[in-house]
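Numbering (this note's numbering), first residue to last: 898 to 1251.
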């Protein structure tokens, strides 16, 4: 789909203008349109949603990527509920093909890719240190000041892209981003064969975190509320426990909150041993009341954990240490976004396909 427009350029073969830069020329061009799902804050709370066909927004120093599939995650559901007042196109888990790229990056054209979601300024201390996910002026794909993946196309710098191995299909590749977030724990916490780990939450993120830590050698228990998901956890090699009959308090070296609920951190604090580590993976919309004095008395280390290494995630999915396809339960075309979001609330992972 395209709309006719005018491209302004300089024709160096014609008589120069008064500045000596060549004559200005106007030429018709095709401006590609993007079909996307746009959300905006509603005065009544939550957000409004609409499908839109608009001109694609591509910076001259970024790549245009045709989206093959995108995953809906808990953050996207929170955005629909008004998280951070986001207005634009949500979605940050995707696999796609590079269609255009700036000079110097044209070797990416035609490549199937996944992409890191944080785009830093490139000039601050955090960006120079290789931690652009902490750049104070960063944009975040589908979350902060950047249109996301619930669209036919998106835009990212080539530096954010990672090539998808041919042996991975699109469905498996969509979950590279959350698997990378799970791998981030290994860069922050010492995990090994002697580690006793509790993963609290049996959703898609909990199952990915559990697989990553099990592959690192940890004895990994996954605690949840849903029999169907706990059965899958057992098939993936995890030790399932129902939240109705939780393990003994203070019996784990590491506990990880991936519940997405306000009470998840409380549960994680109860399960970790003195001088153990609690990893916080949930971002809950709104204020959360937590009693922290037990963590102080027990000298517990609290670790916030967000985005992680894509190369490590691609490696683990490619060699089968982490299985992503069993988590995918539904796939919908973009036009059926209402049904897709409804299914997400009771499913592990739902895909949108533009």
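C-beta atoms are modelled at their ideal positions from N, C-alpha and C, and glycine is treated no differently.
{"Asked": "Whole-angstrom distance between residue 1110 and residue 1203, CA atom to CA atom", "Found": "16 Å"}
{"Asked": "C-beta contact flag for residue 1172 and residue 1196 at 8 Å", "Found": "yes"}
{"Asked": "Whether residue 1224 touches residue 1104 by CB criterion (8 Å)", "Found": "yes"}
{"Asked": "Inter-residue spacing [alpha-carbon to alpha-carbon] between residue 1243 and residue 1067", "Found": "22 Å"}
{"Asked": "Residue(s) in a DSSP beta bridge with residue 960", "Found": "1053"}
{"Asked": "Short Cβ contact (8 Å threshold) for residue 1077 with residue 1207", "Found": "yes"}
{"Asked": "Helix, strand or coil at residue 1082 according to DSSP, with G and I counted as helix", "Found": "helix"}
{"Asked": "Backbone CA spacing between residue 975 and residue 984 [nearest angstrom]", "Found": "13 Å"}
{"Asked": "Cut-off 8 Å between Cβ atoms - residues of its own chain near residue 982, not counting five sequence neighbours on either side", "Found": "938"}
{"Asked": "Residues of its chain near residue 1062, where Cβ-Cβ distance is below 6 Å and the 5 sequence neighbours each way are ignored", "Found": "1215"}
{"Asked": "Those residues which DSSP pairs with residue 1152 across a bridge", "Found": "1095, 1175"}
{"Asked": "Exposure of residue 906, with buried meaning 16 or more beta-carbon neighbours within 10 Å", "Found": "Its pLDDT being 40, under 50, residue 906 is placed unreliably by the model, and nothing is read from it."}
{"Asked": "Nearest neighbour of residue 1218, chosen from 1096, 1047, 1095, 1113 [CA to CA]", "Found": "1113"}
{"Asked": "Buried or exposed by the 16-neighbour rule on C-beta atoms within 10 Å, applied to residue 1193", "Found": "exposed"}
{"Asked": "First through last residue of the alpha helix (DSSP H) which encompasses residue 1219", "Found": "Segment: none, residue 1219 is in no alpha helix (DSSP H) and carries neither H nor E."}
{"Asked": "Alpha-carbon spacing of residue 1166 relative to residue 1153, whole angstroms", "Found": "9 Å"}
{"Asked": "Local Cβ density within 10 Å of residue 933, reported as buried at 16 or more and exposed below that", "Found": "buried"}
{"Asked": "Bounding residues of the beta strand (DSSP E) (the contiguous stretch that carries residue 1118)", "Found": "1116-1121"}
{"Asked": "Residue from 1018, 1083, 955, 1098 with nearest C-alpha to residue 1092", "Found": "1083"}
{"Asked": "Check whether residue 942 and residue 993 have beta carbons under 8 Å apart", "Found": "no"}
{"Asked": "CA nearest to the CA of residue 1029, picked from 1039, 1015, 1040", "Found": "1015"}
{"Asked": "Cα-Cα separation, residue 960 to residue 1233", "Found": "27 Å"}
{"Asked": "Alpha-carbon spacing of residue 1043 relative to residue 1036, whole angstroms", "Found": "6 Å"}
{"Asked": "Contact with chain D by residue 1017, beta-carbon distance below 8 Å", "Found": "Although the question refers to chain D, the structure presented lacks it and comprises just one protein chain."}
{"Asked": "Residue 1075 in three-state terms, based on DSSP", "Found": "helix"}
{"Asked": "Proximity below 8 Å, CB of residue 1050 to CB of residue 936", "Found": "no"}
{"Asked": "Residue 958 CB to nearest heavy atom of the ligand GTP below 7 Å", "Found": "As presented, the structure is devoid of all ligands, the ligand GTP included, so that no description of it is given."}
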